[in-house]
Every structure is written in structure tokens, then in C-alpha cells.
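Each number in the numbering used here corresponds to the 1-based position in the sequence shown with 33 added.
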Amino acid sequence: MTVDVDAAAAAALALPGVTEADHHGRRSFRVGGGKVLATVPADGVLNVLVGEDLAHAVSAQPGVELLWWGQKLSGVRVELALVDAALLDELLQDAWARRAPAALRRPEP
């Protein structure tokens with residue numbers, strides 16, 4: 034099942050400590066003092082700031098392409114209508130784990 038921007042936003046906001054904020058006139062999802070984990074650059078698209086290994090691993094999937102900031106790989110660009118919810122959740126979890134403060138990443142006792 035594919036997802037839309039509202040479903041992607043709900044998935045991001047379901048992660049501990051994630052908030053939504055403006056990012057140069059666009060929606061973004063942040064954790065830990067404002068660290069960006071994903072942005073919405075256009076309708077139906079989500080940029081997710083995953084690690085290089087995961088970015089390369091999923092870049093052959095339909096609807097996913099590498100996202101570059103200059104010469105630096107910064108994550109993946111996701112065409113939401115072409116990906117399923119499970120893949121999007123994996124991407125958001127990775128981005129969250131890379132940016133969330135240690136206190137949020139620790140399992141509850």
C-alpha cells in the first residue's frame with residue numbers, strides 16, 4: 034500500500050520527540066533540538082535524511098533516488114505514491130535514530 038504526504042507526516046510524528054516545523058516555507062520533521070530528519074519539498078515527495086548505507090541499499094527501489102546536497106549524499110528522495118508504508122517506516126526510523134538524542138533512543142526500563 035502506498036502512502037501520501039499526510040500519512041508520511043503521521044508516521045514521522047509518531048516517532049518519539051518528533052515535531053513538525055517550517056523549513057524555508059516547506060514542512061519538515063525534526064527531533065532533538067531541531068535536527069531535521071525529513072522534509073516535504075513538493076506534493077507527493079519526502080526527502081528523508083538516512084545514512085549512506087541505507088540510501089544506497091534502497092536507491093534501486095521504485096520511487097526512491099539518492100538525494101545529494103552538493104557532492105555530499107544526504108539521504109533519499111521518496112516519491113510517496115510509488116513506495117509502501119513499510120519502506121517509508123524503515124527510512125524514517127533510520128533518520129530518527131541518526132538524529133535523536135541518546136535519551137530518546139534508550140529503551141524504557
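The beta-carbon is built from N, C-alpha and C at its ideal position, and this holds for glycine as well. Source: prediction; values computed, not measured.
>> Quick check on residue 110: buried or exposed, where buried means 16 or more other Cβ atoms within 10 Å of its Cβ?
In response: buried
>> Let me confirm a value: residue 52 is counted as buried when at least 16 other C-beta atoms fall within 10 Å, else exposed. Which label applies?
In response: exposed
> Is the CB-CB distance between residue 158 and residue 128 below 8 Å?
Replying inline: For the chain, the structure presents residues 34 to 142; residue 158 sits outside this window and is missing.
>> If contacts are defined as beta-carbon pairs under 8 Å, then residue 38 and residue 113 qualify, I think. What distance do you get, rounded to the angstrom?
In response: 6 Å
> Per DSSP, which one or two residues make a beta bridge with residue 61?
Replying inline: 54, 72
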